[in-house]
Amino acid sequence: MQRNDPTIIIGAGIGGLAAAVRLSAAGRKVIVIDRASEVGGKMRTLPSTAGPVDAGPTVFTMRPVFEDVFAAAGERLTDHVALEQEPLLARHWWRDGAELDLFADREASAQSIRQMGGAAAEADYRRFAAEAQRLYEAFEAPMMHTAKPSQSALTLRVLREPGLIALMAPLSTLSKKLARSFRDPRLRQLYGRYATYVGGDPFQSPAILSLISHAEAAGVWRVTGGMHKLALSMKALAQNLGAEFILNTHVTRIETQSGRVAAVHTGDGRHPCAEAVFNGDPRALTTGLLGSSVEQATPAKPLEARSLSAYVWSFAANPRSPDLAHHNVFFGQDPTTEFGPIAGGQQPHDPTLYICAEDRGTGRTPPATERFEIIMNGAPTTKTHPSAEEINTCRQQTFGTLAQFGLTFDSSPPDRALTTPAGFNSLFPATTGSLYGQSPHGMMAAFQRPTARTKVPGLYLVGGGTHPGAGIPMATLSARHAVEAMLSDRTSTSQSRQTVMRGGMSTA
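Add 1140 to a position in the sequence shown, counting from 1, and you land on the number used in our numbering.
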């Protein structure tokens, strides 16, 4: 390994792309290798009769995180990605006929909730929203924006504001906190859904995850052309800065010499590198998929508790429906019949369904044939191929449930439009189909997540399986932590050029 060798990024998900932009902007030679034919990782698309339709993340929040990536390269986000702010966060439906819109404007949400549930529901919402904002603002810096979260730092933060302890409810689950916060069971069900944003079950996730709702309430944007456009724009920016992309190429192992990363091996040969950045599930390292020399790079035990997977339909059709918004949620009758079976490794019996109507939104008139992404939560799996029975059951659960709400489509999507947990496990090896890495259950989960630095010198981690956690903004933040660590490590280990006098220091 030579110090002028490139940095190799394994995986072109959003974390790897953000790292490529930051490292290239810092003057590093960067090579990005991915086994897929295009960048984006889980931010992927599937073809349809109406064009590419998103088959991964659909919600764009925490805009400053992405602006910071482009600013690191001296660019503006809006010069590369067309964004439209969506005042309507999501539209929600229940079996009792209730319908509820939530907005980026808290007053508008409060009035909407009052119309559905009365003055008591509005009062509960106002109190809960204020508490979620207070938690978010308290822990954004010491948890999300720090490279390695510290229990002592968190304790000091709480000691400065003891009232946070009651809001955190450290001995409670999210579902129990919501039962105390809302008298209306529909609002408990709605806000419990936010645990799924990081792959959690609200009946097992810590109560502090209530703060996630504030991240969404702070603003949601539509990416013109779909979320995959964000990945493509970051790839283009990295290329303009000199980064090289090698796609359709599988990495077979990471080579170390004298305990330090020295090269990355692919089917095409050996690629020497100064450092390697792994943008994949850390479980791929601990299970030996990238060679025995990096199996001990990060603790294995926490990674075995897995977060949720999903069944994802991506297709185009002509809908006959209620008035869909861009983001929509159709709730099952009882959340225990969704999360109970999932916890047992089964398909949910009565699922809640999320629908992104990609061609809809405030101020838009949708075309006759629209693009849809429908997500149903699922259990992780070690399988790589779903059974015909599993696919048929998912089809019946999905479209049978929507028909009960009056939403039907003029044509049924083909099986190839569905990505199952087994499909995700095949696309992303060692993930067990989990879309969010290790489980967020338990108060200590956030402290057990791998951080950017590993036990192997020269190997760094980015992505949703790494601190600060799952979700597109968090995976993007992980790249900042990794690049700062790499640049710091390079400075601290740089050696001065030898001078004539032994022990002297060159100032050239």
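For glycine and all other residues, C-beta sits at the position ideal for the given N, C-alpha and C.
Quick caveat: nothing in here was measured; it's all calculated off a predicted structure.
(message) So for Cys1413, helix, strand or coil by DSSP?
(response) Looking at Cys1413 - three-state DSSP - the assignment turns out to be coil, as it is neither helix nor strand.
(message) Restricting to runs no shorter than 3 residues, where is the beta strand (DSSP E) found entirely within the stretch 1452–1535?
(response) 1467–1470, 1493–1497 and 1510–1518
(message) Residues in the same chain with beta-carbon distance under 6 Å from Pro1590, minus the five sequence neighbours each way, listed in chain order, please.
(response) Pro1422, Thr1438, Leu1601 and Thr1606
(message) Rounding to the nearest angstrom, what Cα-Cα distance links Lys1375 and Arg1235 in this structure?
(response) 43 Å
(message) Which of the three DSSP states is assigned to Glu1384 in this structure?
(response) strand
(request) With DSSP collapsed to three states, give me the class of Ala1248. (result) helix
(request) Compare the C-alpha of Glu1224 against each of Ala1355, Arg1500 and Leu1493 and name the closest. (result) Arg1500
(request) Taking Ile1348 as part of the alpha helix (DSSP H), name the residues at either end of that continuous run. (result) The continuous stretches of alpha helix (DSSP H) do not include Ile1348, and DSSP gives it neither H nor E.
(request) Would you identify the three-state DSSP class for Glu1435, choosing helix, strand or coil? (result) coil
(request) Confirm, please, whether the CB-CB distance from Gly1518 to Tyr1451 is below 8 Å. (result) A contact, by the Cβ cut-off of 8 Å.
(message) Measuring CB atoms only, is the stretch 1430–1437 touching the stretch 1377–1396, in the sense that at least three cross pairs come out at less than 8 Å?
(response) yes
(message) Just list the residues that DSSP pairs Tyr1600 with in beta bridges.
(response) Val1417 and Arg1593
(message) One question on the structure: do Ala1585 and His1621 come within less than 8 Å of each other, judged by their Cβ atoms?
(response) no
(request) Within the same chain, show all residues whose beta-carbon is closer than 7 Å to that of Gly1409, passing over the 5 residues directly before and after it, in chain order. (result) Its chain contains no residue whose beta carbon lies nearer than 7 Å to that of Gly1409 once the 5 sequence neighbours on both sides are disregarded.
(request) Please report how far the alpha carbon of Gly1546 lies from the alpha carbon of Gln1473, in whole angstroms. (result) 16 Å
(message) Buried or exposed for Arg1162, going by 16 or more other Cβ atoms inside 10 Å?
(response) Buried, since its Cβ has 16 or more Cβ neighbours within 10 Å.
(request) Spell out the partners DSSP gives Arg1194 in its beta bridges. (result) Position check: residue 1194 holds Asp in this sequence, whereas Arg was assumed. Asp1194 has Thr1185 as its beta-bridge partners, per DSSP.
(request) Report the rounded CA-to-CA distance for Val1086 versus Ser1373, giving the unit in angstroms. (result) No statement about residue 1086 is possible, as the shown extent of the chain runs from 1141 to 1648 and does not include it.
(message) For the stretch 1168–1182 against the stretch 1344–1363, do three or more pairs of beta-carbon atoms, one drawn from each stretch, fall closer than 8 Å, so that the two count as touching?
(response) no
(request) Alpha carbon to alpha carbon, how far is Gln1379 from Gly1503? Give it in angstroms, no decimals. (result) 35 Å
(message) Taking 7 Å as the limit between beta carbons, can you name the residues of its chain near Gly1483, skipping five residues before and five after?
(response) First, the amino acid is wrong: residue 1483 is Ala here, not Gly. So the qualifying residues of the chain are Asp1341.
(request) Have a look at the DSSP bridge pairing and note the partners of Gln1578. (result) Arg1446
(message) So within the stretch 1361–1408, which uninterrupted alpha helix (DSSP H) runs reach at least 4 residues, ignoring any that extend past its ends?
(response) 1368–1380
(message) Taking the alpha-carbon of His1569 as reference, which of Thr1392, Phe1549 and Ala1465 has the nearest alpha-carbon?
(response) The question names His, but residue 1569 in the sequence shown is Pro. Ranking the options by Cα distance to Pro1569, first place goes to Thr1392.
(message) If you reduce the DSSP assignment to three classes, tell me which class Thr1548 lands in.
(response) strand
(message) Am I right that Gly1151 and Asn1419 are in contact with their C-beta atoms under 8 Å? What's the rounded C-beta distance?
(response) That pair is a contact at about 3 Å.
(request) State buried or exposed for Lys1441, treating a residue as buried only when at least 16 other CB atoms are found within 10 Å of its CB. (result) exposed
(message) Using only the alpha-carbon positions, how far apart do Asp1219 and Val1209 sit?
(response) When rounded, the distance between both Cα atoms is 13 Å.
(request) Would you tell me roughly how many angstroms separate the C-alpha atoms of Gln1486 and Glu1498, rounded to the nearest one? (result) 29 Å
(message) If you measure between the beta carbons of Ala1465 and Ala1190, is that distance less than 8 Å?
(response) no
(request) Pick out the complete alpha helix (DSSP H) segments inside the stretch 1147–1177, 4 residues or longer, and give them in chain order. (result) 1154–1165
(message) Taking the alpha carbon of Ala1508 as the reference point, which residue from Ser1461, Leu1542 and Met1516 has its own alpha carbon closest?
(response) Ser1461
(request) Sort out for me which residues DSSP pairs Gln1291 with in a bridge. (result) Note: Gln1291 is not bridge-paired with any residue in the DSSP secondary-structure output.
(request) Less than 8 Å between the CB atoms is what I'm expecting for Pro1192 and Thr1185, so what's the real figure, rounded? (result) The Cβ separation is near 4 Å, so the contact holds.
(request) Give me the Cα-Cα distance between Gln1638 and Glu1624, rounded to the nearest whole angstrom. (result) Low per-residue confidence applies at Gln1638: pLDDT is 35, beneath 50, and the placement is therefore not dependable enough to give any value.
(request) Kindly indicate which three-state DSSP category Thr1571 falls into: helix, strand or coil? (result) coil
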